[in-house]
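Below is one structure; the comments refer to it alone.
Residue numbers (UniProt numbering), protein chains in the order written: chain P, 1 to 224; chain A, 1 to 251.
Okay, here's the thing in structure tokens:
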């Protein structure tokens with residue numbers, strides 16, 4: 001394991017995974033907010049909003065993430081001049097967050113929508129019958145109950161998002177997979193150990209995440 | 001029971017038509033319900049009686065005709081519709097209590113979120129209503145922990161918490177175990193005595209006989225008979241009503 005005893009390599013390894021964690025955290029927050037809004041649009045009584053929500057889901061769920069990230073870099077940044085930071089790495093980071101969250105929001109939206117479908121229609125009818133508005137019905141009655149059946153799928157989406165964050169490496173951010181590629185280039189005799197360390201780190205981060213979401217889903221399950 | 005109607009009617013349906021696809025569920029239905037009147041709607045299943053009940057607070061939109069509540073045509077959407085619904089209590093067959101809220105929270109939700117009442121005021125009235133329907137000791141439980149009869153009484157308290165001008169009951173006892181029907185009907189009977197305007201879709205002929213001012217008989221989406229209960233049960237005029245009554249009253 002002489003590769004990782006070199007402080008320079010170890011620092012690169014740590015900062016690579018820090019980028020992954022930061023990308024995951026920021027994108028998860030944005031995708032959650034965006035996904036809730038899109039799901040609200042998809043179940044709203046307004047046809048234009050329903051169409052917008054459906055359009056978003058169909059476009060981003062069916063486009064490879066690599067293309068979305070490339071578009072953020074070459075389209076938004078290089079062509080349209082959208083610069084989010086003077087610092088090169090931070091600019092790539094934020095472009096990555098935009099790409100990851102627009103893409104992931106489509107999946108969040110669909111998970112919430114199927115969660116909403118697990119809430120009996122009578123719940124929304126009773127809410128409307130006492131005079132709650134559409135937004136109140138969704139916020140106070142439907143979403144809290146949907147949330148409980150959405151927890152488990154959210155776990156899967158978060159895990160996928162964390163792994164997908166490596167794609168931001170393709171636009172030059174030195175996240176984990178980019179670091180791994182560099183290390184493999186420099187230490188051709190230690191390919192398997194390097195690979196195992198990186199894969200193991202992902203597994204060590206994500207296996208507990210999966211169990212945590214499973215536990216949370218059970219704990220919050222709604223009694224009927 | 002004596003005629004309690006005074007002034008202009010509270011609920012007026014005029015030539016209401018509704019289709020579910022090719023199915024004509026409400027066929028030119030006209031009906032008016034006076035203030036303080038208790039109208040029981042009966043009829044074979046599929047006759048449109050539940051749909052009729054649900055059109056009054058526009059849980060079901062209609063295709064043609066007009067529905068007027070308290071002198072105002074039903075608003076189509078938005079704030080005005082929400083306001084109207086807050087003035088019409090609704091009790092469902094399957095209770096539909098909010099599963100993630102306690103019984104007391106179910107009852108105070110409308111007053112605090114729709115009417116913006118203070119939590120303390122709403123709680124006080126909520127507890128009084130739960131006491132009135134006999135389940136004050138269940139206030140902090142969740143709906144799934146209550147029996148069907150208790151849940152339905154909580155649902156009635158939830159509707160009453162909005163201090164509605166009228167109450168709609170959509171087969172309120174049909175999902176209950178037989179031994180729990182009585183406790184719900186008792187609450188409804190006492191409401192009727194207190195002068196609440198009620199539209200009740202039910203199969204409980206006993207309730208229709210002793211609590212209703214009028215009985216409406218529906219079949220195939222049409223309003224077939226509209227009579228006082230004694231008259232309806234003693235001398236049904238239409239063949240459909242005679243047939244229906246012969247089937248349910250022989251047992």
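Each residue gets a CB set at the ideal place from its N, CA and C atoms; glycine is no exception.
Residue i, buried or exposed, once every other Cβ within 10 Å from all chains shown has been counted against 16
i	result
residue 211/P	exposed
residue 241/A	buried
residue 215/P	exposed
residue 96/A	buried
residue 78/P	exposed
residue 215/A	buried
residue 74/A	buried
residue 3/A	Annotation note: pLDDT 49 at residue 3/A (below 50); position unreliable, no value reported.
residue 186/P	exposed
residue 31/A	buried
Contact list for residue i against chain P, beta-carbon separation under 9 Å
i	result
residue 158/A	126 and 130
residue 166/A	Chain P residues near residue 166/A: none, gap ~12 Å exceeds 9 Å.
residue 162/A	130 and 131
Supposed contact pair residue j and residue i - C-beta distance, whole angstroms, cut 8 Å
i	j	result
residue 11/A	residue 166/A	6 Å
residue 56/P	residue 111/P	With a Cβ gap of about 14 Å, residue 56/P and residue 111/P do not count as contacting.
residue 41/A	residue 200/A	7 Å
residue 187/A	residue 156/A	6 Å
residue 212/A	residue 29/A	Not really, about 18 Å apart at Cβ, beyond 8 Å.
residue 292/A	residue 162/A	Residue 292/A is absent from the model: chain A starts at 1 and stops at 251.
residue 116/P	residue 36/P	Wrong, their Cβ atoms sit about 11 Å apart, outside the cutoff.
residue 93/A	residue 27/A	Residue 93/A to residue 27/A, Cβ: 23 Å. No contact.
residue 152/A	residue 176/A	7 Å
residue 104/A	residue 146/A	Not quite, the Cβ-Cβ distance comes to about 12 Å (not below 8 Å), so this is no contact.
residue 99/A	residue 144/A	7 Å
residue 149/P	residue 118/P	5 Å
7 Å Cβ cut-off: residues of chain A touching residue i
i	result
residue 36/P	Chain A residues near residue 36/P: none, gap ~17 Å exceeds 7 Å.
Contacts of residue i in chain P (Cβ-Cβ under 7 Å)
i	result
residue 94/A	122
residue 86/A	130 and 131
residue 49/A	In chain order: nothing, as chain P lies at least about 17 Å away.
residue 114/A	130, 131 and 132
residue 83/A	131
residue 90/A	129
Interface residues of chain P facing residue i [CB-CB closer than 8 Å]
i	result
residue 59/A	125, 128 and 129
residue 110/A	130, 131 and 132
residue 180/A	Residues of chain P passing the Cβ test: none, with the nearest at roughly 18 Å.
Neighbour flag for residue i against chain B, beta carbons, 8 Å
i	result
residue 143/A	Checking the listed chains, one finds no chain B in this structure; the protein chains it contains are P and A.
**Request:** State whether the stretch 130 to 145 of chain A contacts the stretch 86 to 93 of chain A, with contact taken as three or more CB pairs (one from each stretch) at a distance under 8 Å.
**Result:** no
**Asked** When you check each C-beta in the stretch 125 to 146 of chain A against every C-beta of chain P, which residues fall closer than 7 Å?
**Response** 142 and 144
**Message:** Taking beta-carbon pairs under 9 Å, can you tell me which members of the stretch 128 to 154 of chain P lie near chain A?
**Reply:** 128, 129, 130, 131, 132, 133, 134, 136, 140, 141, 144, 145 and 148
**Asked** What residues from the stretch 104 to 123 of chain P come within 8 Å of chain A, judged by C-beta to C-beta, listed N to C?
**Response** 120, 122 and 123
**Message:** Give me the subset of the stretch 185 to 216 of chain A whose CB atoms are less than 9 Å from a CB atom of chain P, sorted by chain position.
**Reply:** none
**Prompt:** Which residues, in order along the stretch 19 to 30 of chain A, keep a beta-carbon less than 9 Å from a beta-carbon of chain P?
**Reply:** none
**Item:** Validate contact between the stretch 59 to 70 of chain P and the stretch 92 to 105 of chain P using beta carbons, cut 8 Å, 3 pairs
**Value:** yes
**Prompt:** Three or more beta-carbon pairs under 8 Å between the stretch 10 to 26 of chain P and the stretch 86 to 102 of chain P, yes or no?
**Reply:** yes
**Prompt:** Can you find at least 3 beta carbon pairs, one from the stretch 150 to 161 of chain P and one from the stretch 4 to 11 of chain P, that sit closer than 8 Å?
**Reply:** no
**Contact the stretch 80 to 95 of chain P vs the stretch 135 to 149 of chain P: 3+ CB pairs below 8 Å** = no
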